[in-house]
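Residue numbers (my numbering): 87 to 315. Backbone N, C-alpha and C fix where the C-beta goes; we use that ideal spot for every residue, glycine too. Computed from a predicted structure; not experimentally measured. Only one structure is covered here, and it is reproduced in the block below.
See the structure below:
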């Protein structure tokens, strides 16, 4: 039996084999890519996630009223805050300022004196006014002296003194009543003036406390990007 002699491959044969192998590999890779693309086309697309364009609801309870309006202020958002968020911020600033200052802006202010209050002050002032006494007696003494002098001229000093004493008594009493009435009027007016002054001081102190509270509230809301008027 004759042995088969394998002749060495020529350079041209080697190049053909390499080309054939390369073509086979490329064909296999292309087939895999086609198969993979077909599998992906058959897979169901994932569901689309809806985009929520509405603002997120506040996590804190929303007050049912505007704390700013309770103290006569108006608030405007500077960074597009929602109305609910604004109400929450107003309430928090209101409570914070109240805790820091101890001021209750809802407390009623002092009331102006009524007509009955003024009348009572007048009566008290008149009752406490200083009153003169002994005017009639002093008037009688002065009248008697004057009357006696006049009577002495006519030869009857006693009768002149008596007449002068009577006249002096009347005059002294009238002057005393006039002085006492003037004192009562002055006392009544002074009492009313004191009443009005006390009311004015209480009103000024109340306005000052309310102004302090409003300044604190405004500063707190300004720090949260609100404009307060």
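Coil, strand or helix - residue 278 by DSSP:
Residue state, collapsed to three classes: helix.
Going by other Cβ atoms of all chains shown within 10 Å of its Cβ, with 16 needed for buried, is residue 162 buried or exposed?
So residue 162 ends up on the exposed side.
Using a Cβ-Cβ cutoff of less than 7 Å, which residues in the same chain neighbour residue 273 once the five nearest sequence positions on both sides are dropped?
If you ignore the 5 residues before and after residue 273, its C-beta comes within less than 7 Å of the C-beta of 211, 212, 214 and 215, all in its own chain and listed in chain order.
Return the CA-CA distance between residue 182 and residue 290, expressed in angstroms with no decimal places.
Between residue 182 and residue 290, the C-alpha separation is close to 24 Å.
Own chain residues within Cβ distance below 8 Å of residue 299, not counting five before or after:
Only 157, 183, 184, 187, 189 and 191 meet the Cβ criterion.
Here's a check: name, in chain order, each residue in its chain whose Cβ is nearer than 8 Å to the Cβ of residue 203, leaving out the five neighbours to either side.
In its chain, beyond the 5 residues on either side, 281 have a beta carbon closer than 8 Å to the beta carbon of residue 203.
For residue 308, count neighbouring Cβ atoms within 10 angstroms of its own Cβ and tell me buried if that reaches 16, exposed if not.
With fewer than 16 Cβ atoms within 10 Å of its Cβ, residue 308 is classed as exposed.
Beta strand (DSSP E) segment containing residue 314, residue limits
312 to 314 is the span of the beta strand (DSSP E), which, as asked, contains residue 314.
For the ligand ZN, I want to know if residue 270 counts as a neighbour, meaning its beta carbon is within less than 8 Å of at least one of the ligand's heavy atoms.
The ligand content of the structure shown is nil, which means the ligand ZN is not present either.
Assuming contact is defined by CB atoms lying nearer than 9 Å, are residue 176 and residue 206 in contact in what I supplied?
Contact annotation: residue 176 and residue 206 have beta-carbon atoms that are not nearer than 9 Å.
Going by the DSSP bridge assignment, what does residue 163 pair with across the sheet?
Residue 163 is bridged to 312.
Using the rule of at least 16 other Cβ atoms within 10 Å of the residue's Cβ for burial, across every protein chain shown, is residue 145 buried or exposed?
Within a 10 Å sphere around the beta-carbon of residue 145 sit fewer than 16 other beta-carbons, which makes this residue exposed.
To the nearest angstrom, how far is it from the Cα of residue 310 to the Cα of residue 276?
C-alpha separation (whole angstroms): 52 Å.
So residue 217 and residue 266 are supposed to be a Cβ contact under 8 Å. How far apart are they, rounded?
About 5 Å separates the CB atoms of residue 217 and residue 266; that is less than 8 Å, so the two are in contact.
Which residues in the same chain have their Cβ closer than 6 Å to the Cβ of residue 301, if we skip the five residues on either side of it in sequence?
Excluding residues within five positions, none has a Cβ falling inside 6 Å.
Compare the Cα-Cα distances from residue 150 to each of 197, 164, 160 and 169 and report the closest residue.
Among 197, 164, 160 and 169, the Cα nearest to that of residue 150 belongs to 169.
Assigned secondary structure, residue 226 (DSSP; H/G/I helix, E/B strand, else coil):
Summary for residue 226: the model assigns pLDDT 49, below 50, so the residue's position carries little reliability, and this model does not support an answer.
Just the Cα atoms here: how many angstroms apart are residue 208 and residue 194?
Rounded to the nearest whole angstrom, the CA to CA distance from residue 208 to residue 194 is 26 Å.
In or out: residue 304 buried (at least 16 other Cβ within 10 Å) or exposed?
Of the residues assessed, residue 304 falls on the buried side of the cut-off, its CB having 16 or more other CB atoms within 10 angstroms.
Would residue 173 and residue 315 be called neighbours here (beta carbons separated by less than 9 Å)?
Using a Cβ distance threshold of 9 Å, residue 173 and residue 315 do not count as a contacting pair.
Closest to residue 293 by CA distance: which of 178, 106 and 196 is it?
Nearest Cα to residue 293 within the set 178, 106 and 196: 196.
Could you tell me which of 271, 306, 199 and 268 sits nearest to residue 286, measuring between CA atoms?
From the listed residues 271, 306, 199 and 268, the smallest Cα separation to residue 286 is found for 199.
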